[in-house]
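Scroll down for the structure; my scribbles are underneath it.
Residue numbers (the numbering used here): 1176 to 1347.
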């Protein structure tokens, strides 16, 4: 459930409400420092560097609630919920998040809660523009997938997806 991302010269690690950073200019043997807490408890969420911000998107709070909220952090001060401007299209956890520009990220796959209290894997590929607030649905994955990893290759402009727990094309 822990997530990590780099912002400027610091590596951040977050889980639940807790976030820490490590100053990479001082080497990896320095102490992790506590930074301000997330506004929402998050596990299995997307944490990534989008331009000048760290962005925490979605996740599971560990008490049965999937999140659709998004928070941003500028490396100082408090995390800021941006729900009034933008939310994920549905509560989502176990997804991967990739940055495609200095103001856009994409969520891929993951799981959302079902009516019976379990979770159901999804095929969604959705782009979020933090500058304009525009949300664009992309072509879905061929199979529903959660726990996957992804990376963006800026040279080929392709997203690479690896691993995960795939289910049938119907998502079962």
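We treat Cβ as the ideally placed atom computed from N, Cα and C, and that holds for glycine.
Helix, strand or coil for residue 1291? Go by DSSP, reduced to three states. As a position in the chain shown, residue 1291 is number 116, starting the count at 1. DSSP places residue 1291 in coil when its eight states are reduced to three.
With distance defined between alpha-carbon atoms, name the residue in 1288, 1328, 1186 nearest to residue 1197. The residue given as residue 1197 occupies position 22 in the chain shown. Ranking the options by Cα distance to residue 1197, first place goes to 1186.
Checking 9 Å against the spacing of the C-beta atoms, do residue 1250 and residue 1183 come in under that value? Mapped onto the chain shown, residue 1250 falls at position 75. Mapped onto the chain shown, residue 1183 falls at position 8. In this structure, residue 1183 lies closer than 9 Å to residue 1250 by Cβ.
Count the other CB atoms, across all protein chains shown, that sit within 10 Å of the CB of residue 1312; report buried if there are 16 or more and exposed otherwise. Position 137 of the chain shown, counting from 1, holds the residue named residue 1312. Answer is exposed; the Cβ neighbour count stays below 16.
Out of 1327, 1335, 1309, 1295, point me to the one whose CA is closest to residue 1321's CA. Numbered from 1 along the chain shown, position 146 holds the residue referred to as residue 1321. Per the Cα distances, 1295.
Strand pairing of residue 1256, partner residues [DSSP]: Looking up residue 1256 in the chain shown gives position 81. According to DSSP, which records beta bridges pairwise, residue 1256 is partnered with 1246.
If you draw a straight line from the alpha carbon of residue 1286 to that of residue 1277, how long is it in whole angstroms? As a position in the chain shown, residue 1286 is number 111, starting the count at 1. As a position in the chain shown, residue 1277 is number 102, starting the count at 1. In a straight line, the C-alpha of residue 1286 is about 26 Å away from that of residue 1277.
What separation, rounded to the nearest whole angstrom, lies between the Cα atoms of residue 1190 and residue 1260? Along the chain shown, one-based indexing puts residue 1190 at 15. Along the chain shown, one-based indexing puts residue 1260 at 85. Going from the Cα of residue 1190 to the Cα of residue 1260 covers about 24 Å.
State yes or no: is the C-beta of residue 1232 within less than 9 Å of the C-beta of residue 1254? Counted from its first residue, the chain shown places residue 1232 at position 57. Counted from its first residue, the chain shown places residue 1254 at position 79. Cβ distance not < 9 Å, so residue 1232 and residue 1254 don't count as in contact.
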